[in-house]
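Here the protein sequences line up with chains A and B, keeping their order. Here full-length UniProt numbering is used: position 67 in the first sequence is 67, and no number is missing along the way. Here full-length UniProt numbering is used: position 304 in the second sequence is 304, and no number is missing along the way. C-beta: ideal position from N, C-alpha, C; glycine also. Below is one structure, written out as structure tokens; comments come after it.
Protein chains: 2
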Amino acid sequence: MPSTQILSTTQQSQYQAIDTPFLYVNKPVFINNLSQLRQKIEGLGANLRPHFKTLRSLEAAEFLLPTKNSPVTVSTVKEAEALASKGYTDIIYAVGIADGKLPRIAKMLDQGINARVLLDSVEQAHQLNHFCGSYDCQIPALIEIDCDGHRGGIPPEADKLIEIAQILTSGAASFHGVLTHAGESYQCFEKQQLIDAAQNEVAAAVQAAERIRAAGMQCDIVSIGSTPTAQSYQNLDGITEVRAGVYTFFDLVMAGLNVCQLTDIAATVVTSVIGHNPDKNWIFIDAGWMALSGDRGTAEQPKDCGYGLVCDDSGHVLSGLQVITVNQEHGIIEAVDGGVIDLAQFPVGSRLHILPNHACATASMHAQYHVFDTDGDNGGYEIWNRVQGW
Amino acid sequence: MPSTQILSTTQQSQYQAIDTPFLYVNKPVFINNLSQLRQKIEGLGANLRPHFKTLRSLEAAEFLLPTKNSPVTVSTVKEAEALASKGYTDIIYAVGIADGKLPRIAKMLDQGINARVLLDSVEQAHQLNHFCGSYDCQIPALIEIDCDGHRGGIPPEADKLIEIAQILTSGAASFHGVLTHAGESYQCFEKQQLIDAAQNEVAAAVQAAERIRAAGMQCDIVSIGSTPTAQSYQNLDGITEVRAGVYTFFDLVMAGLNVCQLTDIAATVVTSVIGHNPDKNWIFIDAGWMALSGDRGTAEQPKDCGYGLVCDDSGHVLSGLQVITVNQEHGIIEAVDGGVIDLAQFPVGSRLHILPNHACATASMHAQYHVFDTDGDNGGYEIWNRVQGW
């Protein structure tokens with residue numbers, strides 16, 4: 001939530017001087033999100049390996065990662081290279097590897113970065129061995145486990161799991177462990193469903209690791225995680241680390257799953273009113289899909305939030321208002337559930353905050369984040385830059 | 001369409017050296033799209049004022065705009081400033097103006113740039129006069145006309161049209177004309193519907209201009225346009241200029257409206273296969289919504305193309321294949337209509353091209369475009385940079 005009502009006078013001028021639309025980050029809310037999950041996961045005896053894909057900002061990494069050796073997950077080689085350039089050393093690239101990307105991974109290894117790749121097929125394991133043999137390097141790999149039929153991975157009980165682990169351990173590459181992601185947890189709208197999904201994720205990863213060890217191989221990393229399940233683990237015995245990303249900013253999809261409250265949403269899009277359609281009772285804003293993204297992640301949730309819920313400039317949710325349409329640089333706000341907007345309360349030029357459906361998607365539309373620290377008497381203002389591209 | 005089969009040997013090496021995913025532009029197709037529409041509109045006696053929002057690249061502007069005085073449309077002040085920095089002088093910012101943006105417009109006017117703003121309310125007209133009075137400048141404005149109930153604007157027959165024009169002509173600002181956009185043309189799937197939408201757009205703009213002139217005021221600019229209607233005008237009497245943007249790259253939404261062929265699509269996303277799910281007969285690619293955008297513009301068309309159609313690395317459409325799901329850095333390709341994919345034909349590391357649903361949205365996800373000129377024996381390769389932000 002924006003909480004701009006508690007900005008200092010200096011911050012208010014800084015805030016007003018930024019042209020809309022822009023991404024506003026409430027730093028204390030962000031910091032609290034980071035510490036809450038870290039405490040929970042470390043309290044259960046596992047490491048937290050935050051996913052960098054939501055933030056993709058090296059300035060943000062200083063808060064996300066306590067030390068240069070803190071574990072981190074990335075979704076692109078570009079993120080890994082950016083983190084490596086700042087001295088972060090413990091990286092998993094958690095998207096299936098294609099051999100065209102291996103030279104950049106090998107280069108990071110040469111620089112002393114512990115960069116690992118992910119795969120789920122015999123074909124990829126052979127490709128990796130072949131590359132490592134040709135380039136005289138030893139790229140470590142994890143095997144992706146399918147815990148819930150969501151996307152890719154090897155079922156924990158499959159013969160192929162052992163076969164792939166053997167190809168990696170006996171070849172030029174190296175084998176570091178298993179990794180799974182409970183993607184189906186985004187469909188769990190009941191607390192017990194989330195607890196079950198979390199337990200299932202743990203069980204699948206532990207089963208895979210135990211089978212590999214029973215076959216005589218080491219399995220150092222047992223990695224699980226998704227923001228919904230990360231909030232719901234009861235017991236992490238056998239798990240070495242948990243990955244999550246969206247918890248850093250949180251969003252309406254997560255609020256719809258009851259894994260956060262609206263007040264935990266740390267990133268909002270600040271927008272200006274640019275017109276009205278009195279006949280249709282619409283407010284036009286300068287935040288279209290370029291600023292909000294076109295994400296419709298709440299469309300299949302019990303409460304559909306359109307393209308985002310609306311807060312006033314002080315951070316209070318305007319009940320019943322939604323962004324119902326986005327074009328490139330236009331958004332349309334309407335009252336849902338039969339409400340009526342008093343358009344005179346929203347003059348052209350006035351500012352609103354839009355709570356995002358999906359923080360990863362909304363943040364991806366912004367090359368810079370405008371970060372306000374509302375704690376203390378002389379709260380700061382920082383610009384964080386986003387690492388772009390692949 | 002990619003047409004990579006006709007790349008020269010040098011180009012093939014350049015193409016292979018670019019890490020996926022990336023935006024590939026077939027330059028001859030792009031150039032042909034530009035000249036086709038320019039010929040048509042100029043042949044009907046109007047000027048073409050291309051919309052820069054699709055391309056947002058100054059390198060591309062050299063092809064889009066024949067001279068530094070060529071008319072151009074923008075959707076952000078940032079685009080206008082970028083074009084102004086390169087000496088382009090004739091700019092309409094075609095999104096409703098909020099007064100917070102006026103200082104940057106005034107600065108461009110000071111630099112000799114003819115930058116105009118758009119508004120559709122008495123409130124905005126008074127705000128503009130007030131600003132111009134306070135800052136001793138004369139910002140020119142157009143009035144947005146609502147021709148089809150799509151979004152904003154003043155109906156051409158409304159009393160308010162004359163009232164706003166009078167406020168502008170009698171105040172510190174200045175009045176340059178009227179502008180409309182047939183946004184509803186995106187719903188016209190029959191040729192005759194498109195012709196009707198085009199005629200309606202012309203009629204609304206001409207009616208508005210004539211009413212303003214009948215009230216004793218000048219109305220120099222009579223501006224209309226959308227890519228679907230731009231292909232369908234029969235007669236542009238009374239119209240001074242036509243705006244369109246997506247025609248530069250074209251896309252599946254436009255192909256679905258029959259205003260282009262698949263072979264006219266100039267921009268595709270090149271992606272690598274990163275895995276398979278044999279049980280589900282899925283191909284995983286490294287193009288998720290970060291590379292493709294999450295646009296689902298074909299969802300409401302007769303032919304739903306998912307998140308994009310699939311071409312092989314030589315540019316041939318792979319019949320029946322679609323990107324059915326996108327996550328941040330994963331796409332899933334499936335055979336629709338009961339087909340089956342022979343996964344062995346798509347090994348990990350092989351490349352595919354994805355035809356985009358919506359060129360504006362897909363291009364917006366890429367800071368750089370990789371442009372291949374396939375004409376001639378020594379075709380070139382260029383990188384075009386995208387102007388980012390607001």
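For residue j and residue i, the rounded distance between their alpha carbons
{"i": "residue 251 of chain B", "j": "residue 229 of chain A", "result": "38 angstroms"}
{"i": "residue 51 of chain A", "j": "residue 245 of chain A", "result": "4 angstroms"}
{"i": "residue 31 of chain B", "j": "residue 310 of chain A", "result": "42 angstroms"}
{"i": "residue 213 of chain B", "j": "residue 198 of chain B", "result": "23 angstroms"}
{"i": "residue 299 of chain A", "j": "residue 109 of chain A", "result": "42 angstroms"}
{"i": "residue 391 of chain B", "j": "residue 222 of chain B", "result": "Because chain B here runs from 1 to 390, residue 391 of chain B falls outside it and cannot be looked at."}
{"i": "residue 338 of chain A", "j": "residue 319 of chain A", "result": "12 angstroms"}
{"i": "residue 206 of chain B", "j": "residue 179 of chain B", "result": "10 angstroms"}
{"i": "residue 353 of chain A", "j": "residue 268 of chain A", "result": "6 angstroms"}
{"i": "residue 159 of chain B", "j": "residue 215 of chain B", "result": "11 angstroms"}
{"i": "residue 306 of chain A", "j": "residue 84 of chain A", "result": "38 angstroms"}
{"i": "residue 93 of chain A", "j": "residue 256 of chain B", "result": "37 angstroms"}
{"i": "residue 261 of chain B", "j": "residue 241 of chain B", "result": "25 angstroms"}
{"i": "residue 100 of chain B", "j": "residue 127 of chain A", "result": "56 angstroms"}
{"i": "residue 34 of chain A", "j": "residue 225 of chain A", "result": "15 angstroms"}
{"i": "residue 386 of chain A", "j": "residue 77 of chain A", "result": "15 angstroms"}
{"i": "residue 166 of chain A", "j": "residue 277 of chain B", "result": "21 angstroms"}
{"i": "residue 295 of chain B", "j": "residue 327 of chain A", "result": "11 angstroms"}
{"i": "residue 340 of chain B", "j": "residue 281 of chain B", "result": "7 angstroms"}
{"i": "residue 134 of chain B", "j": "residue 96 of chain B", "result": "21 angstroms"}
{"i": "residue 103 of chain B", "j": "residue 316 of chain A", "result": "29 angstroms"}
{"i": "residue 151 of chain A", "j": "residue 14 of chain B", "result": "32 angstroms"}
{"i": "residue 132 of chain A", "j": "residue 332 of chain B", "result": "28 angstroms"}
{"i": "residue 106 of chain A", "j": "residue 384 of chain B", "result": "29 angstroms"}
{"i": "residue 247 of chain A", "j": "residue 325 of chain A", "result": "26 angstroms"}
{"i": "residue 138 of chain A", "j": "residue 24 of chain A", "result": "42 angstroms"}
{"i": "residue 249 of chain B", "j": "residue 239 of chain B", "result": "25 angstroms"}
{"i": "residue 37 of chain B", "j": "residue 79 of chain A", "result": "41 angstroms"}
{"i": "residue 336 of chain B", "j": "residue 181 of chain A", "result": "26 angstroms"}
{"i": "residue 114 of chain B", "j": "residue 75 of chain B", "result": "16 angstroms"}
With 16 other Cβ atoms within 10 Å as the buried cut-off, status of residue i
{"i": "residue 189 of chain B", "result": "exposed"}
{"i": "residue 287 of chain A", "result": "buried"}
{"i": "residue 362 of chain A", "result": "buried"}
{"i": "residue 43 of chain A", "result": "exposed"}
{"i": "residue 120 of chain B", "result": "buried"}
{"i": "residue 19 of chain A", "result": "buried"}
{"i": "residue 323 of chain A", "result": "buried"}
{"i": "residue 69 of chain A", "result": "exposed"}
{"i": "residue 227 of chain A", "result": "buried"}
{"i": "residue 140 of chain A", "result": "buried"}
{"i": "residue 435 of chain B", "result": "Nothing can be reported for residue 435 of chain B, as the shown portion of chain B is limited to 1 through 390."}
{"i": "residue 86 of chain A", "result": "exposed"}
Anticipated Cβ contact below 8 angstroms, residue i with residue j, distance rounded
{"i": "residue 358 of chain A", "j": "residue 297 of chain A", "result": "4 angstroms"}
{"i": "residue 184 of chain B", "j": "residue 149 of chain B", "result": "7 angstroms"}
{"i": "residue 253 of chain A", "j": "residue 192 of chain A", "result": "Between residue 192 of chain A and residue 253 of chain A the Cβ distance is about 19 angstroms, and since that is not below 8 angstroms, they are no contact."}
{"i": "residue 27 of chain A", "j": "residue 373 of chain A", "result": "4 angstroms"}
{"i": "residue 211 of chain A", "j": "residue 156 of chain A", "result": "7 angstroms"}
{"i": "residue 72 of chain A", "j": "residue 91 of chain A", "result": "6 angstroms"}
{"i": "residue 346 of chain B", "j": "residue 273 of chain B", "result": "5 angstroms"}
{"i": "residue 29 of chain A", "j": "residue 264 of chain A", "result": "6 angstroms"}
Query raised in the report: Taking only runs of the alpha helix (DSSP H) that begin and end inside the stretch 133-220 of chain A, which ones reach a length of at least 4 residues, in chain order?
Result: 159-170, 191-214
Query raised in the report: For the UniProt domain "D-serine dehydratase-like" (266-373) of chain B, which segments carrying the alpha helix (DSSP H) assignment without a break, of at least 4 residues, lie completely within its bounds, in sequence order?
Result: 289-292, 359-364
Requested in this report: Compile a chain-ordered list of the residues in the stretch 94-106 of chain B whose CB is closer than 8 angstroms to at least one CB of chain A.
Outcome: 95, 96, 97, 98, 99, 100, 101, 104
Requested in this report: Run through the stretch 11-38 of chain B for me and flag every whole alpha helix (DSSP H) of 4 or more residues, listed as ranges in chain order.
Outcome: none
Requested in this report: Residues of the stretch 58-76 of chain A with a CB closer than 7 angstroms to any CB of chain B: list them in chain order, please.
Outcome: 75, 76
Query raised in the report: Given a limit of 8 angstroms on CB to CB distance, which residues of the stretch 110-123 of chain B reach chain A?
Result: 119, 120, 121, 123
Report task. May I have a chain-ordered list of the beta strand (DSSP E) segments no shorter than 3 residues that lie completely inside the stretch 58-100 of chain A? Result -> 71-74, 90-96
Report task. With 8 angstroms as the C-beta to C-beta threshold (strictly closer), list the residues of the stretch 263-278 of chain A near chain B in chain order. Result -> 272, 273, 274, 275, 276, 277
Query raised in the report: Using a Cβ cut-off of 9 angstroms, which residues of the stretch 321-340 of chain B contact any Cβ in chain A, in chain order?
Result: 325, 327, 328, 329, 330, 332
Report task. Return the residues of the stretch 288-310 of chain B that lie within a Cβ-Cβ distance of less than 8 angstroms from chain A, sorted by chain order. Result -> 289, 290, 291, 293, 294, 295, 296
Report task. Scan the stretch 221-255 of chain A and note each continuous beta strand (DSSP E) run of 3 residues or more that stays entirely inside, going in chain order. Result -> 221-224
**Report entry** Residues within the stretch 238-253 of chain A neighbouring chain B, beta-carbon criterion of under 7 angstroms
**Finding:** none
Requested in this report: Check distances from the C-beta atoms of the stretch 156-174 of chain B to those of chain A and list, in chain order, the residues that come in under 8 angstroms.
Outcome: none
Requested in this report: Identify each residue in the stretch 15-29 of chain B for which the Cβ-Cβ distance to at least one residue of chain A is less than 9 angstroms, and report them in chain order.
Outcome: 16, 19, 20, 21, 22
Query raised in the report: the stretch 218-229 of chain B: which residues have C-beta closer than 8 angstroms to a C-beta of chain E, in chain order?
Result: No chain E appears in the structure shown, which is made up of the protein chains A and B.
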